[in-house]
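Under this note's numbering, read the sequence shown as residues -9 to 72, first letter to last. In this text, a Cβ means the ideal position worked out from N, Cα and C, and glycines have one as well. Only one structure is covered here, and it is reproduced in the block below.
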Amino acid sequence: MWRDALAAARLRMPNYCLECGGNLTYDSAIKQYACKSCGLTFTSQDLLQGRERMLQGQESADEEKKRRHKEYLKWWLSDKKS
């Protein structure tokens, strides 16, 4: 049953690269999608997030500024700073 759900989810995935627009193929050995043109690999989660971003459209300048500020604060407060 879960295999059917997984197969259905793969069919809903975009079959094009989020960076260059090339065709994607699923590599079951690494469980990722690979672009035939540029060689980038994507997880299913990466593709879903990219698809959501495209559906939401462009961020407004104010939203982008807030997002960047939030990401900067997250980096600044993290323990992984170099």
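Straight-line gap, residue i to residue j (C-alpha atoms, nearest Å)
i, j, result
"T33", "Q22", "5 Å"
"A24", "D69", "32 Å"
"C7", "Q39", "13 Å"
"S18", "E61", "33 Å"
"I20", "R41", "21 Å"
"E9", "L45", "16 Å"
"Y16", "N5", "9 Å"
"G29", "L37", "15 Å"
"K55", "L14", "32 Å"
"R57", "L67", "15 Å"
Inter-residue CB distance, residue i and residue j (contact presumed, cutoff 8 Å)
i, j, result
"G12", "K26", "5 Å"
Give a yes or no on contact between the region 25 to 39 and the region 50 to 64, applying the rule of three or more CB pairs nearer than 8 Å. no
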